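Below is one structure, written out as structure tokens; the observations come after it.
Protein chains: 2
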Amino acid sequence: MNDVAETRSPSSSVGDYLKAVWELGADSGDAASTKGVAARLSISPASVSNMFARLQEMGLVEYERYRGATLTERGRKEALRLVRRHRLIETFLLEHLGYDWQEVHQEAERLEHAVSDDFTWRLAEFLGHPEHDPHGDPIPSAEGTLEVDDSFPLSQAVAGQRLRISKVRDEDAAMLDYFGDRNLVPGRRLTVREVRAIDGVVIVEDEEAGVYALGDPLARSMFVRLAS
Amino acid sequence: MNDVAETRSPSSSVGDYLKAVWELGADSGDAASTKGVAARLSISPASVSNMFARLQEMGLVEYERYRGATLTERGRKEALRLVRRHRLIETFLLEHLGYDWQEVHQEAERLEHAVSDDFTWRLAEFLGHPEHDPHGDPIPSAEGTLEVDDSFPLSQAVAGQRLRISKVRDEDAAMLDYFGDRNLVPGRRLTVREVRAIDGVVIVEDEEAGVYALGDPLARSMFVRLAS
DNA sequence: TCTTAAATTTAGCCTTGCCTAATCTTATAT
DNA sequence: ATATAAGATTAGGCAAGGCTAAATTTAAGA
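Residue numbers (the working numbering), protein chains in the order written: chain Y, 22 to 249; chain H, 22 to 249.
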């Protein structure tokens, strides 16, 4: 009755919150906590409480005091729109502008808020409509659907399994480098030789490059799926 | 004594003001008026007065009440940094993403505030360090120098002159299309057949495509330089 | 020169987002 | 069952940037 155009896209701040809620809720299905979102966005918890209330008024999250927030359908769509942009941009930066793995995330984080849907479409076209970014993460479709993810951390693998690397966590630059230097990148096939309970070390064999022993932190950062 | 890091780059709003002042002062050398900047940015004159005072405190403009603003050296550098980004981005959008002339400006306007210096450098590399954008406007160097512009509007041409189109105004989409459809684009050579004082119509001959009669508004929007 | 219109500035207000400090809730551990 | 710590919320502020309405300055024309 009052708002003529409910349609204009959320501010970049709002988008960052939606993405954070999505990322935190993606695996667990649980509501995102104030503290978790605050940590992810490097802001104070109080600011998050405040924004949660506003996001709810905008119809982007379901929010109950002291219980955290979950995305509504509209919120999820908006989050995935940003994730799609982010991953397409990362792909472009890595494949065409010669960026390193470390530098890519930060740049994409800013750009994803500045590009239009039209740009996103054209960029996807330019890149040949990739379905995964170079980290191995699936790129949401323009319609907001996302491939179901049947990957699991290498730390949960079992000796003897034949695997394919699906992605590596893109949060820690040092690990990205470590993997990158050894060419342990998405798509690569591995065979699990041993998963040692005592210290969490996983020993894998790369069919071309040899045998690697990966400590628990590394094994948790590499995601794999059963080789088909 | 108080500020540790005076170094972080201006907000996108501040950048827009600097660019507007630069564009208004570029030809005339005069100070940019409150009204002019307000019109260019589609905001109220009062907001501009306010910002002029702040820009002066930041050392980005020289400002005197009721007299308008001119860029300081720092302000000019910052404006040119944005112009460089803008023109490189436009070049990319046109040459690699298949954008139309009309759509390019708006998209670049948003992107120029989101990209880093590193991105700008890599994009320039990707594009082969072009010196002009597809409209024919010179692209400022990374160091903040800009080619001297000896072009003039076609409306000031004289019969018999042999010219080369240097650029076309990118403000009016309809004109851009008109020129684009007839392939009257930067780089093209023309010979002036007649400049009619009575109605301002300029008649030019394109060596390949034929003869065109351009009314005064069109002739003012096309910039040319003497063919070398 | 004097009047008046146009441009500019000032004053006062609003929204978005962020902050700190203080207060509440919830959950955990005795 | 209850004390306490951790987490969340409220209250009160602040800065950036925008707006409108009112006051002021400049410039133009009679």
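Glycine included, C-beta positions come from ideal geometry on N, C-alpha and C.
None of these values were measured; they are calculated from a predicted model.
| Item | Value |
| --- | --- |
| Pick from H:Q182, H:A195, H:V222, H:A234 that is closest to T212 of chain H, judged by C-alpha positions | H:Q182 |
| Residue burial classification, P238 of chain H (beta-carbon count within 10 angstroms, cutoff 16) | exposed |
| Classification of T166 of chain Y by the beta-carbon crowding that lies within 10 angstroms, buried from 16 upward | exposed |
| N-terminal and C-terminal residue of the beta strand (DSSP E) that I224 of chain Y is part of | 223-227 |
| Status (buried if at least 16 other CB within 10 Å, exposed otherwise) for D154 of chain H | buried |
| Pair within 9 Å by beta-carbon distance, L92 of chain Y and V42 of chain Y | yes |
| Cβ of S137 of chain Y within 9 Å of any chain H Cβ | yes |
| For F147 of chain H: DSSP bridge partner residues | DSSP, once it has assigned bridges, lists no residue as partnering F147 of chain H. |
| Short Cβ contact (9 Å threshold) for V139 of chain H with E78 of chain Y | Position check: residue 139 of chain H holds Asp in this sequence, whereas Val was assumed. Their beta carbons are not under 9 Å apart, which means D139 of chain H does not touch E78 of chain Y by this criterion. |
| Distance between G96 of chain H and E164 of chain H (C-alpha atoms, nearest Å) | 14 Å |
| Between the CA atoms of N204 of chain Y and F113 of chain Y - distance to the nearest angstrom | 20 Å |
| Contained beta strand (DSSP E) runs [length at least 3] in the segment 44-89 of chain Y, N- to C-terminal order | 82-85 |
| Beta carbon proximity, L103 of chain Y to chain H, threshold 9 Å | no |
| 9 Å Cβ cutoff, F73 of chain H in contact with chain Y | no |
| Neighbour flag for G119 of chain H against chain Y, beta carbons, 9 Å | yes |
| Buried versus exposed call for H150 of chain Y [16 or more other C-beta atoms within 10 Å across all chains shown] | exposed |
| Contact with chain H by A26 of chain Y, beta-carbon distance below 9 Å | Because the pLDDT of A26 of chain Y is 38, which lies under 50, any placement of that residue in the model is unreliable, and the question is left without a value. |
| Residues near F173 of chain H in its chain [Cβ-Cβ closer than 8 Å; skip 5 each side] | F244, V245, R246 |
| H107 of chain H at chain Y interface by Cβ criterion, 9 Å | no |
| Simplified DSSP assignment, three categories, for Y233 of chain Y | strand |
| First through last residue of the alpha helix (DSSP H) which encompasses D93 of chain H | Note that residue 93 of chain H is Thr in the sequence shown here, rather than Asp. First-last for T93 of chain H: undefined, no H or E at that position. |
| Rounded Cβ spacing between E94 of chain Y and L39 of chain Y (contact assumed at less than 8 Å) | At roughly 12 Å, the Cβ-Cβ gap does not stay under 8 Å, so E94 of chain Y and L39 of chain Y are not in contact. |
| Presumed contact (8 Å Cβ cut-off) between P207 of chain H and S176 of chain H, rounded CB distance | 17 Å between Cβ atoms; not a contact. |
| Own chain partners of R106 of chain H with C-beta closer than 7 Å, once the 5 adjacent residues on each side are dropped | E133, V136, T141 |
| Closer than 9 Å to chain H by CB, H134 of chain Y | yes |
| Short CB-CB distance (under 9 Å) between E116 of chain Y and chain H | no |
| Rounded Cβ spacing between P31 of chain H and V104 of chain H (contact assumed at less than 8 Å) | Not a contact, Cβ separation roughly 14 Å. |
| Helix, strand or coil at L115 of chain Y [DSSP, three-state] | helix |
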